[in-house]
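So the protein sequences, as listed, match chains A and B. For the first sequence, the residue numbers in the UniProt record's numbering are 1 to 968. For the second sequence, the residue numbers in the UniProt record's numbering are 1 to 968. Contents: one structure, followed by commentary.
Protein chains: 2
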Amino acid sequence: WKTAKSARDSFSAYNSKYLTVPQNRTSWHRSGTNGALEASVVSYRSSVSTIINNYVEGTQTRARDKASPSGLYFRDSKRKVDYVLAYHYRKRLARHVPGAASPEPRRGFASVALVSNGSTGKGLPGLEVVELSPLDTLEEARRLQREEYERNLLEAGLEIEKDPENKSQGVSFVRIHAPWQVLSREAELLKIKMPTKKMYEITEEKGILKTLNEIWCKLTEPLQPQVPQQENTKMKTLSYPFSREKIYLYNIKDKDTFFDNATRSRIVSKNNISLSSCPEWDLLVEFRMGFTGNLLYQEWARYGVFYKFQPIDLIRKYFGEKIGLYFAWLGLYTEFLIPSSVVGIIVFLYGCLTIESDIPSKEMCDQRNAFTMCPLCDKFCDYWNLSSACATARASHLFDNPATVFFSIFMALWATMFLEQWKRLQMRLSYFWDLTGLEEEEVNLLSLEWLSTTNPINHNISYCTVLSHLLFYVFCLQNEKEKLTWSDRMPGYAANFGLILFMIMLAFSAVFGVIVYRITTAAALSFSTNETTRSNVRVTVTATAVIINLVIVLILDEIYGAVAKWLTEIEIPKTEKTFEERLILKAFLLKFVNSYASIFYVAFFKGRFVGRPGRYVYVFEGYRMEECAPGGCLMELCIQLSIIMLGKQLIQNNLFEIGIPKLKKLFRKLKDERTEVKEMDTNQSKDPQQWDLDYILEPFTGLTPEYMEMIIQFGFVTLFVASFPLAPVFALLNNIIEVRLDAKKFVTELRRPDTVREKDIGIWYNILSGIGKLSVIINAFVIAVTSDFIPRLMYQYAYSQNGTMHGFINHTLSYFNVSQLKAGTQPENSLFAQEVLFCRFKDYREPPWSPHQYEFSKQYWAVLSARLAFVILFQNLVMFLSVLVDWMIPDIPKDISEQIKKEKTVLVDFFLKEEHEKLKLIESFIAHDKQKRRSGTKSRRTRAASFSQCHRSPKGSFTSFSSQHTVV
Amino acid sequence: WKTAKSARDSFSAYNSKYLTVPQNRTSWHRSGTNGALEASVVSYRSSVSTIINNYVEGTQTRARDKASPSGLYFRDSKRKVDYVLAYHYRKRLARHVPGAASPEPRRGFASVALVSNGSTGKGLPGLEVVELSPLDTLEEARRLQREEYERNLLEAGLEIEKDPENKSQGVSFVRIHAPWQVLSREAELLKIKMPTKKMYEITEEKGILKTLNEIWCKLTEPLQPQVPQQENTKMKTLSYPFSREKIYLYNIKDKDTFFDNATRSRIVSKNNISLSSCPEWDLLVEFRMGFTGNLLYQEWARYGVFYKFQPIDLIRKYFGEKIGLYFAWLGLYTEFLIPSSVVGIIVFLYGCLTIESDIPSKEMCDQRNAFTMCPLCDKFCDYWNLSSACATARASHLFDNPATVFFSIFMALWATMFLEQWKRLQMRLSYFWDLTGLEEEEVNLLSLEWLSTTNPINHNISYCTVLSHLLFYVFCLQNEKEKLTWSDRMPGYAANFGLILFMIMLAFSAVFGVIVYRITTAAALSFSTNETTRSNVRVTVTATAVIINLVIVLILDEIYGAVAKWLTEIEIPKTEKTFEERLILKAFLLKFVNSYASIFYVAFFKGRFVGRPGRYVYVFEGYRMEECAPGGCLMELCIQLSIIMLGKQLIQNNLFEIGIPKLKKLFRKLKDERTEVKEMDTNQSKDPQQWDLDYILEPFTGLTPEYMEMIIQFGFVTLFVASFPLAPVFALLNNIIEVRLDAKKFVTELRRPDTVREKDIGIWYNILSGIGKLSVIINAFVIAVTSDFIPRLMYQYAYSQNGTMHGFINHTLSYFNVSQLKAGTQPENSLFAQEVLFCRFKDYREPPWSPHQYEFSKQYWAVLSARLAFVILFQNLVMFLSVLVDWMIPDIPKDISEQIKKEKTVLVDFFLKEEHEKLKLIESFIAHDKQKRRSGTKSRRTRAASFSQCHRSPKGSFTSFSSQHTVV
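Take a look at the structure:
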């Protein structure tokens, strides 16, 4: 072992002598990860991470940033680095093959690396004795694949630069430069819209709207992020899909800067994808250049600027349209939460203010009423007085009041409005980001290609399991022959169906488990002889159960995320888009069930299958089904909802999103340092290159988790809002942090992701819209069934003697003749036992003295009818209003649709003008030529003719040809 | 007067001498309509009407048709007539103005007419005495406008040919020819897709699908119309928006035939629209050429071929995409009615078969049960035995049975399926008709232009009312200045809102009127002493009331159509599309209310506000509210629905669609003949030109009435299908006729309409989808509330002693103590009076011996709860299933989406290949040139150089310039 190590050391020392580049340029950072199968994406972020790390140190950083712009160029300091690929290598413990000592540098590229490789083979003959291990074979195969890939890149016209592989193992980077020919060709192929020379004025609002707009701008000035605006916000540059034929149309000042960095890297990455065919995907790491994100950090990615609007245009410029849309969406959602929070608080305050005037809770708290309630458990529980539940009744009124009904309707319309506004904002962004012409098909076509070549590389799925590896290879092989048939897909679909069902069952059984826990623990605690234990049974049980629920939800959430991914992989979807959609759908379905199952149970099932005194429903040999607290089920729903929502937000946000990445980074750093110390690299310069710095960062793993978190929160805000009007407030508070948290993560913690052009947020919109629709029916049921709204209304207008709520409590309680309690279930040691003839319980049943004793009373059915009628009315009314709102608000803002029309007209005019000018130029040439010819026919015949030929030729070659003849 | 007439005669005789064209060419048909404001559109139909008129006469017609193809050309027999404008003229009873005797022919066009005009002025000086009447002034203004318009046409590059105006008044035609320059320019501007040289193969289905497809084709062969198919159905020509720059791409054999007639006339008509600015719209008649529709008549527009599929491609070729889509939609709808008819018949048969085993109707008919019912009217009605209503009970079972519930669910899903399939078919047609790239904006842009110029001409609205004239002029004037402001539009909107509300109220009051009629007539008839009258009261009243309803519906339908049009006009919508959409929405709203108001009343309100014996609800001083027949309200709903549906179909189809046009034509013909005789035109040849024949036909007034009729029918089929499962059958029968009826009308009775390119059926789809959604909730209520389904279910599973239906009738009838009948309401002359203590009535109320006598009983509330629960369950289940179906069926058929992708690839390949060939050609030229130069440098220096310059110039002018220098 020692020999090998020292050999490696001397080998690296040797290597350093042969380096063809100055030391301060070839320095790099080596990642110490040993997992050869790890696929990671390094994204280039133009010193942002450096800047941020040093931000507190002041201006020094910025000076440094400016001082080394050369980091973004090839060694010739001319060619821009547009993309960087990284790979792990592990030097073969070189076996000398006679005759192949100095392999021919392949087509002249990557000669640096090969030269050093070759020299290694020659320079260290002592290593010949080392056997070729299986690991080496793998490494060799990978190298060949890599070289094949590099060759493809060169063939596509890209230029590459490599670092020498001068260590026994480590990370090496391949930097790619796209020359003008490639850029212009690909831009034309991808129909990328580029700015033309033409600017046009954006029609402004007039009259009152303009004044209002100005006032709004002035008022919100401190909230605007201080980013450099376009010089002229009233003008917009006309963009047109790039075409080499019409190159004169575009505003090309410098061919090196015409395509901005985002576009350049996009072009290169598209090229990478289309060129690779089942490539050595676990070796290549995609990696990109960009422009400074310093500004983004200052004006967006700090908690200090939480009150400011987001600089969406800048975000889009830096991260691309897809991430730009996410933050725009998140911003709009957060803004929309403000009015709903305000209304929510008002509703809550209304509850607080009316609590004193609420007759039912007053009656309940009134000691004089003395409703003797039936015992809550068999044998060990005593009769109890309703006034002891006074506190919960009062608390319950905070959420269970008529304002809640109004709030539910408000929130349903709010959801519709939000979706409509989002459609409009999306349209507006499409217009300003020049996405209006972006065809859906374009993406599909690329995906089709992607299908046949590079299925899973593109979204950095860690294909770590053996199974998925196998599947991937099978897929690649099959794909080369033909499409997958139905029978190939069948097992995948079957597995999907089965596993999803199983997972949903798992979530349900988790909920059921908690119910069992509650029932048994409550029963066990009620046996307790300790008086304080027994008095706090309900509180103890509820609190612990909810916490258990929360923990289960959090754990299952993680499991479900992984399961959804795996399930989608074995389904082998055809295109990247399909993959993403199916993954999202599955993950959403599972996480939705997981998050809401317990809440659904409390809302609609808890306490509905209790039975009645004398005929309770028993489960598990003698445990009575659980009842709701005396304050009503709505109170319990509220507690359940708030704890799960807040707990999920706090724990997932703080622990998972901040803590774990920090830990990971720390861990990685420690490990790296250890490796570094071990290698004792003498070449390591103190000033690492940008790609080295970025390579340390976590790879970007897609927006799905971010969206998912928000969508589940949207569910909490809308689905059960009738039971918890403060949900929007907490969501708002969370999101104000979330925006900056995500921003910080994207800017400083993650490698910069590939810019992806997207016109919309895709399937998330459908999910949001689905939740919005579901919320209507759920809220209808919560109000009708869970809350006491309908019984109160019914009492007031149908049963009350004087139209007031007096006597409501008495009306909702049925009588039970205690002598009919089953033997063995009567309370032992009762304090009341002697005086109690009838105990009361909450239900509408016939009294003991009725001929149909304990049957549901007429009131029960009447109230039920009213409840159901309310559901129908509420659902259809709200649905109708939603449709109306949807229909009234046009999907495309009026000014944008006018602008788009205008742009078209301007475009046509511009084209015609350009054509006209070309024509005029030609004409003037001809005229000029004729004049010249006339004036100097005799003296300068030949030269004038030759001049005219060159410039007139586009018109008609025949004319110039014949004129030549006459001249000659 | 006599002088004037003779003068006119001699004038026309004089005129004939000066005619510059042979007589047999200048003959035309003059329409005798005097209404100067009438605007009509003549569409050209290439002898179709002639053919059809003579079809029975055999082959002679076809020979004639072929003999005179010159009818489609200008007089030079070369230039095709692409469009014909027609106008009424009325010769000025010429007043000689000295010095202006021979007005200058304006820019040389229409010189024929002007020459004859001028010569009139000179040749008939005797007419100077005639005063210039106001009519003449108007005529003169119109002439000027017309000339302005014609000048615009000429300026746009179109060529026109006019007939001389050689009668005192009549119709004159302006024929328009579009030369190649205009066609190619406009085709490029309109981005019309034209076939390129490239064909590509359509991927066929494989395996089982192919076999199935072949079997299907073979089976349906006799049903296929015998029209010439594309030679090669497996190949499709690649189309690409026409571009003059890339002219080499297209398959141009002959510039005269490259653009087909439909495209040519479309281009001309677009030109017409864009050129006219507030034109003399009541004078110009648009008019078009086409190709023979003989085949269409034989294979489509006859009742004899009712069983055949429609030749959609041919229809589209002849009538354009918009009408093609209508017939495709109608065809699909009719096909979809087949399965629903079958299921409907099965459901009906199920009812028939189970009628004997239905216990409730058996019990009702059983004489032994002897339920003595309370009297149906005060004083004059006697107690009656329930068994007398046996027949209606049995009939009611036919529609009110459990199969109906299944059928409702089926129909809701059917509607969703239909809409999904339509989306797919639409997509398929778009693909094969090359509409896939057709942009929405294109239409909008044109509309915007249309807004500023020619608002209402384009859809042949008869602007006959003075008000709309005024508005139109105001609009034109305002438009020239600026856009209409909000305050300009306000009155229009207010009028709209008010009038629509009023119209809806009108429909409601009509329904209410019929109710009043029923109540009062029933009361009046029950006073009658005639025994037979009294026994048939119900039948008489119901029958007459429904007929009155029907008549009102038919009358209001016509009124509402006109009102909707007028209302949309005064709203002054911005674009043509908006106009159509708003018109449709308004008309639909009004006609929907009109058609369904009475049905809604019977379904949900009739018999619900009757009160109870002893406390009936009275209206109009002593008339009791009407009850449903003893068989249940569903029976009455069924009768109401079937009569209105069938009546509407029969009367609107037969009377309005066949009868009235025939009458109109007859009337017109008679009038024409009269005028002709009066004029005694000596020039009239026996062989009229095609445009003369077509001018007689009715103008095309849009597809709105056709769609509207079908949509209202779709409503009948889906909305209340629970009450009338045979509705789809009747709809199917109607539609089989309707397709051919419409076809015949379009081919033979109407002028051929402008071809309009449309991608979809627009707002109709939304209306259909809305009806589909509404039908879910309505059917839920019909089943739950109107039918006896829920009470039966409840009885069977909750109240019945032995789980059977025995005793159901008794259970639904409440008791009433006859002694509690109010004084004066007891039956006079009762046959039962002595023996009756309690009478029965249909309701769930407490019996007289209960403490809460006559209150709603517990059963009432329980049944109500069940009903409402059913509504919630049904609505949400069906909605969920619909969403599922919608989601499962992709909107774009898989083969089509693949085909579209393939087309894109083929297109790119084709382009690249063409470019490559061009490049190769240039290269070969250069090579050739070089060779030449090399071989003959010394002898033919100058010529070779000049040759090379001409052909190399696109590459770089500088090179050729310098080379020239060296050569010289």
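We put the CB at the ideal spot given by N, CA and C, even for glycine.
Cβ-Cβ separation, residue j to residue i (assumed contact under 8 Å), whole Å
{"i": "Leu314(A)", "j": "Val227(A)", "result": "5 Å"}
{"i": "Ile809(A)", "j": "Glu363(A)", "result": "5 Å"}
Continuous beta strand (DSSP E) stretch holding residue i: start and end
{"i": "Leu238(B)", "result": "235 to 241"}
{"i": "Val171(B)", "result": "169 to 177"}
{"i": "Leu813(A)", "result": "813 to 817"}
{"i": "Cys839(A)", "result": "838 to 842"}
{"i": "Met708(B)", "result": "No beta strand (DSSP E) contains Met708(B), which is instead part of the alpha helix (DSSP H) from 704 to 718."}
CA-to-CA distance, residue j to residue i, given in whole angstroms
{"i": "Leu636(A)", "j": "Thr704(A)", "result": "A quick correction: the sequence has Glu, not Leu, at residue 636(A). Whole-angstrom Cα-Cα distance: 32 Å."}
{"i": "Cys390(A)", "j": "Ser769(B)", "result": "52 Å"}
{"i": "Leu706(A)", "j": "Glu420(B)", "result": "At residue 706(A) the sequence reads Glu, which differs from the Leu that was named. Distance between the alpha carbons of Glu706(A) and Glu420(B): 34 Å."}
{"i": "Glu627(B)", "j": "Gly614(B)", "result": "15 Å"}
{"i": "Pro827(B)", "j": "Lys379(B)", "result": "4 Å"}
{"i": "Ile599(A)", "j": "Leu641(A)", "result": "6 Å"}
{"i": "Ser77(B)", "j": "Arg266(B)", "result": "22 Å"}
{"i": "Ser601(B)", "j": "Met417(A)", "result": "Note that residue 601(B) is Tyr in the sequence shown, not Ser. Roughly 35 Å separates the two Cα atoms."}
{"i": "Gly157(A)", "j": "Asp256(A)", "result": "16 Å"}
Below-8 Å beta-carbon distance, residue i vs any chain A residue
{"i": "Leu877(B)", "result": "no"}
{"i": "Leu332(B)", "result": "no"}
{"i": "Trp849(B)", "result": "no"}
{"i": "Trp861(B)", "result": "yes"}
{"i": "Ile777(B)", "result": "yes"}
{"i": "Leu868(B)", "result": "yes"}
Terminal residues of the alpha helix (DSSP H) in which residue i lies
{"i": "Ser341(A)", "result": "321 to 354"}
{"i": "His397(B)", "result": "390 to 399"}
{"i": "Leu85(A)", "result": "Run containing Leu85(A): none in the alpha helix (DSSP H); it sits in the beta strand (DSSP E), 83 to 90."}
{"i": "Lys773(B)", "result": "763 to 781"}
{"i": "Tyr297(B)", "result": "294 to 299"}
Cut-off 6 Å between Cβ atoms - residues of its own chain near residue i, not counting five sequence neighbours on either side
{"i": "Arg175(A)", "result": "Val81, Val84, Glu161"}
{"i": "Met794(B)", "result": "Val863, Ala866"}
Beta-carbon proximity list for residue i, same chain, < 7 Å, skipping 5 on both sides
{"i": "Val782(B)", "result": "Ala603, Phe720, Ala722, Ser723"}
C-beta neighbour in chain B for residue i, strict 8 Å
{"i": "Ile892(A)", "result": "no"}
{"i": "Val871(A)", "result": "yes"}
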